[in-house]
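**Student:** Numbering (the numbering used here), first residue to last: 539 to 761.
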Amino acid sequence: RVLCLHGFAQDAATFRAKTGAIRKALKSKCEFVYLDGTHDVAGAFEASSSDLRAMGATDEASASLAWFLSGENRASGATKSTDAGWTRPALSAAYDGWEGSAASIRKMCAECGPFDGIVGFSQGATAAVAALADVEALRASVSFVVLVAGFEPRDPNFPVPTTPLAVKSLHVHGDKDSLVTRERVRALADHFDANRREFWFHDGSHGVPSTPLAKFVKSWIDA
Numbered sequence: 539r540v541l542c543l544h545g546f547a548q549d550a551a552t553f554r555a556k557t558g559a560i561r562k563a564l565k566s567k568c569e570f571v572y573l574d575g576t577h578d579v580a581g582a583f584e585a586s587s588s589d590l591r592a593m594g595a596t597d598e599a600s601a602s603l604a605w606f607l608s609g610e611n612r613a614s615g616a617t618k619s620t621d622a623g624w625t626r627p628a629l630s631a632a633y634d635g636w637e638g639s640a641a642s643i644r645k646m647c648a649e650c651g652p653f654d655g656i657v658g659f660s661q662g663a664t665a666a667v668a669a670l671a672d673v674e675a676l677r678a679s680v681s682f683v684v685l686v687a688g689f690e691p692r693d694p695n696f697p698v699p700t701t702p703l704a705v706k707s708l709h710v711h712g713d714k715d716s717l718v719t720r721e722r723v724r725a726l727a728d729h730f731d732a733n734r735r736e737f738w739f740h741d742g743s744h745g746v747p748s749t750p751l752a753k754f755v756k757s758w759i760d761a
């Protein structure tokens, strides 16, 4: 059973659609469980569809949700990308609201766990690492993670594992990703055992390259 955590301004249904090829490739091995983020960020990118697409969200999303918010935006009152003082969540240095998301993940583990793996995209990948630090039930059961465009948190108070996690990890990143740098992807990967982690880079941007990634993940899990 695999817990799936969507990116900023996405929801569970959107992420399920974006990972369709991965689910199909692993249907005989894995059951995928998609969780909605706890914070409503509807309207954050309503004036900028290019920003919306860049974050991996779609106009068809039934909700725009997040796992944590920019503390700078809470302080300034900014609610959308066109507001003065707006800080893009991936660039924030002060995260707000993680505790509620940790509680939601903890509840999901109790109701639908145990989970053997996690798939996370962008903010959801960063949330996956925080959850492994904060949610004991998840840390005890997970044996692998697939983190797509995940970024090392800039908030020094955000939970991360104190020692590298001894789980198999795959870190995916696009060469044309303009939102998350390769440096931050590698920094997030440092929270995992160096002997059990692997990188898979592609020539795309900030998104889930579902079909080509599915082929690789299938062989990676079997290895």
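All C-beta atoms, glycine included, are put in the ideal place defined by N, C-alpha and C.
Just so you know, these numbers come straight off a predicted model, no measurement behind them.
Going by alpha carbons, who is nearest to A547 out of P627, S566, C568?
**Tutor:** By 1-based counting over the sequence shown, the position of residue 547 is 9. With distances taken between Cα atoms, A547 lies closest to P627.
**Student:** If you pair each beta-carbon of the stretch 558 to 568 with each one of the stretch 751 to 760, do three or more pairs fall below 8 angstroms?
**Tutor:** Yes: the two stretches touch, three or more of their Cβ pairs being nearer than 8 angstroms.
**Student:** Which whole-angstrom value describes the C-beta separation of D480 and A632, a residue pair presumed to lie in contact below a C-beta threshold of 8 angstroms?
**Tutor:** The structure shown does not extend to residue 480, since the chain is modelled only from 539 through 761, so no value can be given for it.
**Student:** Quick one, are the C-beta atoms of G658 and L543 less than 8 angstroms apart?
**Tutor:** For the purposes of this step, residue 658 is identified with residue 120 of the sequence shown, where counting begins at 1. For the purposes of this step, residue 543 is identified with residue 5 of the sequence shown, where counting begins at 1. Yes, the pair counts as a contact, with Cβ atoms nearer than the cut-off.
**Student:** Buried or exposed: S639, going by 16 or more other Cβ atoms within 10 Å of its Cβ?
**Tutor:** Within the sequence shown, numbered from 1, the residue matching residue 639 stands at position 101. The residue is buried, with at least 16 neighbouring Cβ atoms inside 10 Å.
**Student:** Going along the chain, which unbroken runs of the alpha helix (DSSP H) with 4 or more residues stay wholly within the stretch 626 to 653?
**Tutor:** Listed in chain order, the complete alpha helix (DSSP H) runs (minimum 4 residues) inside the stretch 626 to 653 are 636 to 650.
**Student:** According to DSSP, is A622 helix, strand or coil?
**Tutor:** Numbered from 1 along the sequence shown, position 84 holds the residue referred to as residue 622. A622 falls in the coil class under three-state DSSP.
**Student:** Between A668 and F689, how many whole angstroms is the CB-CB distance? I'm expecting something under 8 angstroms.
**Tutor:** Position 130 of the sequence shown, counted from the first residue, corresponds to residue 668. Position 151 of the sequence shown, counted from the first residue, corresponds to residue 689. The Cβ separation is near 12 angstroms, so there is no contact.
**Student:** Please classify A595: does DSSP put it in a helix, a strand, or coil?
**Tutor:** Locating residue 595 in the sequence shown gives position 57, counting from the first residue. A caution first: A595 carries a pLDDT of 45, below 50, which makes its placement in the model too unreliable to give a value.
**Student:** Would you report the Cα separation of V686 and A675, rounded to the nearest angstrom?
**Tutor:** What you label residue 686 is simply residue 148 of the sequence shown in a count that begins at 1. What you label residue 675 is simply residue 137 of the sequence shown in a count that begins at 1. If I take the Cα positions, the gap works out to 23 angstroms.
**Student:** Would you report the Cα separation of H744 and D715, rounded to the nearest angstrom?
**Tutor:** Residue numbering aside, residue 744 sits at position 206 when the sequence shown is read from its first letter. Residue numbering aside, residue 715 sits at position 177 when the sequence shown is read from its first letter. Going by the C-alpha atoms only, they are around 5 angstroms apart.
**Student:** Would you tell me roughly how many angstroms separate the C-alpha atoms of W762 and A604, rounded to the nearest one?
**Tutor:** The first residue shown for the chain is 539 and the last is 761, placing residue 762 beyond what the model contains.
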